[in-house]
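Quick note, the sequences are listed as chains S and C, same order.
Position 321 of the first sequence, counted from 1, bears residue number 312 in this note's numbering, the numbering being contiguous throughout.
Add 12 to the 1-based position in the second sequence for this note's numbering, that's all there is to it.
A virtual CB, placed ideally from N, CA and C, is assigned to each residue, including glycine.
Values in this document were obtained by computation on a predicted structure and should not be read as measured data.
Below: one structure, written as structure tokens.
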Amino acid sequence: MERLIRKYEDKLVAHGLCDPGAPLIGSRDEAVLWNRDDALVPAMEEVFAGLNIASLLFARPAEPFFSIMERVAHSPEARAGCIRPQDSETRTFLHDIPVLDAFVPRDIIATLKRRKCVVVRSHGIVTYGTVSPEQAFVFFSSVCFSIYVKFFADYRDAVRAGTADAADRAVVERALASYESFVARIPESPRLMRGPFTEPDDCLAAIVEAGRMTVECRMVDSFFGNISYRLGDTVYISQTGSSLDELGGMIDPCPMDNSSCAAITASSELSAHRGIYRDPGVAAILHGHPKFAVIASLDCDDDACAHRGRCHVECARERFVGDVPIVPGEVGTGPHGLCNTLPPAMRGRRGAIVFGHGLFTTGAADFTDAFASLVSVERMCLEEYRQTITG
Amino acid sequence: MHGWTGTIVRIDLTEKTFSVEHPSSDIYERFIGGRGMAGHYLMRDGTRAWDDPAMPLLLFTGPLVDTPTPTSGRMCVMSRSPLTGAICDTSVGGRLGTQLKRAGFDGVVIAGKSDAPCGIEIRDGAITFTDAAHLRGKTVSETRAAIGDAGSCAVIGSAAENGVLYASIMVDGHFCSGRGGLGLVMASKNLKYLAVSGTGKTPVADRDEIAAAREEINRLAAASPILLGELGIAHYGTGALYDLMDSRRMMPTDNFRATHFAAAASMNAHAYKTRYATKRTGCTGCAILCKKIGANKEIIPEFETMSHFSALIGNVDPDAVIEANRVCNEAGMDTITAAVTIACHLEITGRSLSPDALIELLNDIAHARGDGAALAMGSHRYAAAQGRPEVSISVKKMELPAYDPRGAYGMALAYAVSTRGACHLRAYPISHELLRKPVATDRFSWSGKARIIKIAEDANATIDSLTACKFLFFAASLEEYARAYCGATGARATAQDLLAAGERIYYTERIMNAANGFSADDDDLPPRFFAEPGTGGGGIAIAPLGRGEFLAARARYYRIRGLDGRGMPTEEKCRELGIEWNG
């Protein structure tokens, strides 16, 4: 348990979600084990005692997430008790994000009794897990991602409407400059294994390498996203809920004829990947959640659209960022699943963005092109965002 | 009242009378429905012998049944188990729960004993008793045919009538109230069948809230590879787990002497789908439809049956698996206990079985004749009688399902401490130990597992009380179902409030078991798992479980659960949970 607590403390820092020393993580089997001493431990133990849970996490997010959280948490929407970002992580897993005024254990307990996370204004984010500290880490990461996307999307809309707030603008400029600088440093031609691969071991090694680089370059929060390679009649794909930076032993071989269900643990996007592989020119697929690609997908000025509010499943417009299409579709295989919308949109293109969700890219022989496309589309979306808000 | 009908019917089979009662809203909110309400009603009589006429057989629906909430068309059947002596409940699908609700009842409490075989027919509020003497000895499908259009029906077959300790109750033909021998409790009352039909509607407090919850739940189900993915149970049935268990080296083989089955690739769910051209079917109100039926109406077995009637007994003929399952269903007999008992018999005698001999032996068990008479008592009694008690792979005299505990330590602990015996569904740790939901845990570690198992037991007690399908919780959580519960009932409850009710429900079961003499001695695994390794391979080693680590994890579990060092309930915990207990 101590190992897991340390692992997710380190990940929060490594992913830029928290500053070193910020995460306070407790986990309990019989007794609660904390990652460090902190004045908040008694209050957190009170929260623990009020909930039937196994892990608890509180942290002040690192910049720019903290400033963004503060702006979002002080919005009129948040003043009413919670925010509802439109990205797919919120819609699918969080539903909404409650916001509290103060770090009061009783109020935090009452909120976490019904939701997986809570934002405490001027303090940070509290999340929990019933199985492992990993859940608390995932929810924390999701909240950071969701409020980031919401903040930038809302600000763009406000600029267009002429209602942008000066304080928001200051936060946007700082965060944008920081991210632009970070993205500019990502190498144009990453040194990834060159394909085509003919042996499973090479293919697995290439997936592990590309997954790790995708996380290191912050093109996805590690728990989300997926990656695959087609070798003959088998698709090798990351397992559901696996971390793209820890894929060793977490890749399922899926025979195209479904002659084995051993890969029942494969990514929820296996069907979408298979659909894309119907194009014989595709050998590799990479799916990340680059932030500005997701923010770009939420950009629509058709206020009179009959599908407003249902864009994620019903958007009927042909929409593009440059050469990359934006399609509706939910996670997985339901009637509105992206497995229905994504493969046809990808055909003959380097990638496609799923509304509020993320970006899929492909490679013909290995992950080099797929990764390069992931980064270049994100850059394109970032540039477009900059142009939009500066006019 | 919303969500619940507010009415329970008590039926006295001795007098052929019935009466209704209306539990207080406090009882409903404390015990929810299904397993919780059934346990509450069983508590008073929980120490009676299973065949005491006053011992009730309880059938309870939940507040979500007959509402638009996904996978809520289930119900709970409960009594004391003839096989184990512990409390025993089963969550069963089909249409019975929905029909009972539409007939105006949340639950049926059946006590007494008819002087001759009889049936009970409930049609809306009217209850009639029928003569069923002519149905004695009839198979489940023959009985269903004879009943005609009396409604959804729960039926016993020849296994119950012949005293098989693991006789089941069959609902709507092939939905099993399978484990623990509740069919024998029904037979002890001379009750051949219960048929229910109703035309009422269940009023709900807030249909929009249920619709919103439904959308959230269905979205999560669609995102789940285990449920609706190409390789998931919607397409392949629960048999989709077959390849996974074998590849993870935890497929019980040769009576748990091995954990890898060489013929697995030809006996998997894909093989059945191809061979029998399967179609989807399932319970009322379900979009997953995990039941599979072949083009010629063959019932495709559940994973447990598929695994135990192949790997566990060395059978490589899928037709024999289908037929074994059919024989058990027609006779009304738990396939898991039947298969493990046969595997025990094969190990003791050193024999092997041809497909024909397997079917013959199952028929002998169902009729308690020949070798079958001894096997009808289950593996524990059979192995003890043979002087080889260690060969019975059971916990609390209930046989293990098809997940070898040496390959998943949470499962090992869950089997041991389960209130109904070796049960994979009490805590269902394969969710995180194998299927990576909600996140993956290290299956070869005891760390944190005591707490995880306790929380999962509470959650599943809640789910069985709502009465929803556990499979959906590979994707959704009580967070979404709490919204549906509030929409259905008008109650103001959070996920954690429901979990608290689940803890109360589970503790009530521990109290009943303790009153029947169960203690830490019974919360244990067969010695084989601590002494012998499984079959390693593919980079996976299956070592024997560490006895000391297991006992330490169990001790932690007791403390977390609020039990004493012997696994017995405490006054302090009862007070905390608001349970009346006399010690």
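Would you call the CB atoms of residue i and residue j closer than 8 Å?
i: I300 (chain C); j: T83 (chain C); result: yes
i: G15 (chain C); j: A217 (chain C); result: yes
i: T256 (chain S); j: D248 (chain S); result: no
i: I517 (chain C); j: R56 (chain C); result: no
i: H444 (chain C); j: P413 (chain C); result: no
i: A500 (chain C); j: T155 (chain C); result: no
i: D416 (chain C); j: P367 (chain C); result: no
i: F187 (chain C); j: D118 (chain C); result: no
i: V366 (chain S); j: M210 (chain S); result: yes
i: G325 (chain S); j: L240 (chain C); result: yes
i: G347 (chain S); j: V285 (chain S); result: yes
Counting contacts by CB-CB distance shorter than 8 Å, is residue i in contact with chain S?
i: N230 (chain C); result: yes
i: D329 (chain C); result: no
i: R463 (chain C); result: yes
i: V451 (chain C); result: yes
i: A277 (chain C); result: yes
i: Y254 (chain C); result: yes
i: G577 (chain C); result: no
i: D509 (chain C); result: yes
i: A424 (chain C); result: no
i: N280 (chain C); result: yes
i: S236 (chain C); result: yes
Compare the C-beta of residue i with all C-beta atoms of chain D and state if any pair is closer than 8 Å.
i: D20 (chain S); result: Absent from the structure is chain D; the protein chains it does hold are S and C.
Verify the CB distance criterion: does residue i have a CB-CB separation below 8 Å to chain C?
i: Q77 (chain S); result: no
i: S219 (chain S); result: no
i: T231 (chain S); result: yes
i: N26 (chain S); result: no
i: I276 (chain S); result: no
i: E237 (chain S); result: no
i: T154 (chain S); result: no
i: L261 (chain S); result: yes
i: H348 (chain S); result: no
i: K104 (chain S); result: yes
i: K107 (chain S); result: yes
i: E321 (chain S); result: yes
i: C252 (chain S); result: yes
Within a Cβ cutoff of 6 Å, which residues of the same chain sit near residue i, ignoring the five residues on either side of it in sequence?
i: N280 (chain C); result: Y254, D255
i: Y53 (chain C); result: L70, V121
i: E316 (chain C); result: I348, P413, A414
i: V4 (chain S); result: P11
i: A462 (chain C); result: A565, R568, Y569, I572
i: P94 (chain C); result: W62, L177, G193, L196
i: Y268 (chain S); result: R221
Take residue i and list the residues in its own chain whose beta-carbon comes closer than 8 Å to its own, dropping the five residues that flank it on each side.
i: L42 (chain S); result: I100, L103, K104, Y119
i: F56 (chain S); result: L8, C135, I138, Y139
i: R269 (chain C); result: E359, R540, E544
i: E221 (chain C); result: R495, A496, C498, G499
Taking only heavy atoms of the ligand FAD into account, decide whether any of them is closer than 7 Å to the Cβ of residue i.
i: I554 (chain C); result: No copy of the ligand FAD occurs in the structure displayed, which carries no ligand at all.
Can you list, in chain order, the residues of its chain whose CB lies under 7 Å from that of residue i, leaving out five sequence neighbours each side?
i: T211 (chain C); result: R114, D136
i: M580 (chain C); result: A526, S531
Tell me the start and end of each unbroken alpha helix (DSSP H) in the stretch 319 to 376 of chain C that is at least 4 residues and wholly inside, in chain order. Taking only runs of at least 4 residues, the alpha helix (DSSP H) segments lying wholly in the stretch 319 to 376 of chain C are 330 to 343, 347 to 361.
Only counting runs of 4 or more residues, tell me where the alpha helix (DSSP H) segments fall wholly within the stretch 98 to 157 of chain S, in order along the chain. 124 to 152, all fully within the stretch 98 to 157 of chain S.
Beta strand (DSSP E) runs contained entirely in the stretch 147 to 221 of chain S, provided each spans 3 or more residues: The stretch 147 to 221 of chain S contains no complete beta strand (DSSP E) run of 3 or more residues.
For the stretch 299 to 335 of chain S, list the alpha helix (DSSP H) runs that are entirely contained and at least 4 residues long, ordered along the chain. If we require 4 residues or more, the alpha helix (DSSP H) runs fully inside the stretch 299 to 335 of chain S come out as 302 to 305.
Is the stretch 492 to 502 of chain C close to the stretch 227 to 234 of chain C, with three or more CB pairs under 8 Å? Using a C-beta cut-off of 8 Å, the stretch 492 to 502 of chain C makes contact with the stretch 227 to 234 of chain C, since at least three inter-stretch Cβ pairs fall below that distance.
Decide yes or no for the touch test of the stretch 202 to 220 of chain C against the stretch 351 to 358 of chain C: beta carbon pairs closer than 8 Å, at least 3 of them. Touching, no.
Runs of beta strand (DSSP E) wholly within the stretch 15 to 51 of chain C (minimum 3 residues, chain order): Taking only runs of at least 3 residues, the beta strand (DSSP E) segments lying wholly in the stretch 15 to 51 of chain C are 20 to 24, 29 to 33.
Does the count of Cβ pairs from the stretch 169 to 189 of chain S and the stretch 338 to 347 of chain S closer than 8 Å reach three? With the cut-off at 8 Å, the stretch 169 to 189 of chain S and the stretch 338 to 347 of chain S do not touch.
Can we say the stretch 481 to 490 of chain C touches the stretch 556 to 563 of chain C, given the rule of at least three CB pairs closer than 8 Å? Output reads no: the stretch 556 to 563 of chain C does not touch the stretch 481 to 490 of chain C.
Within the chosen definition, does the stretch 24 to 35 of chain C reach the stretch 457 to 475 of chain C through at least 3 CB pairs nearer than 8 Å? Counting C-beta pairs closer than 8 Å gives fewer than three between the stretch 24 to 35 of chain C and the stretch 457 to 475 of chain C, which falls short of the contact rule.
Quick test of the definition: if touching needs 3 or more C-beta pairs under 8 Å, does the stretch 162 to 169 of chain S touch the stretch 53 to 67 of chain S? Touching, per the Cβ criterion.
Entirely within the stretch 79 to 155 of chain C and at least 4 residues each: give me those alpha helix (DSSP H) ranges in chain order. Those alpha helix (DSSP H) runs which fall completely within the stretch 79 to 155 of chain C and span 4+ residues are 108 to 114.
I'd like to know if the stretch 193 to 203 of chain S and the stretch 258 to 270 of chain S are in contact, where contact means that at least 3 CB-CB pairs between them fall below 8 Å. The stretch 193 to 203 of chain S vs the stretch 258 to 270 of chain S: no contact.
Whole alpha helix (DSSP H) runs in the stretch 179 to 244 of chain C with 4 or more residues, listed along the chain? Counting whole runs of 4 or more residues, the stretch 179 to 244 of chain C contains the alpha helix (DSSP H) stretches 194 to 200, 219 to 234.
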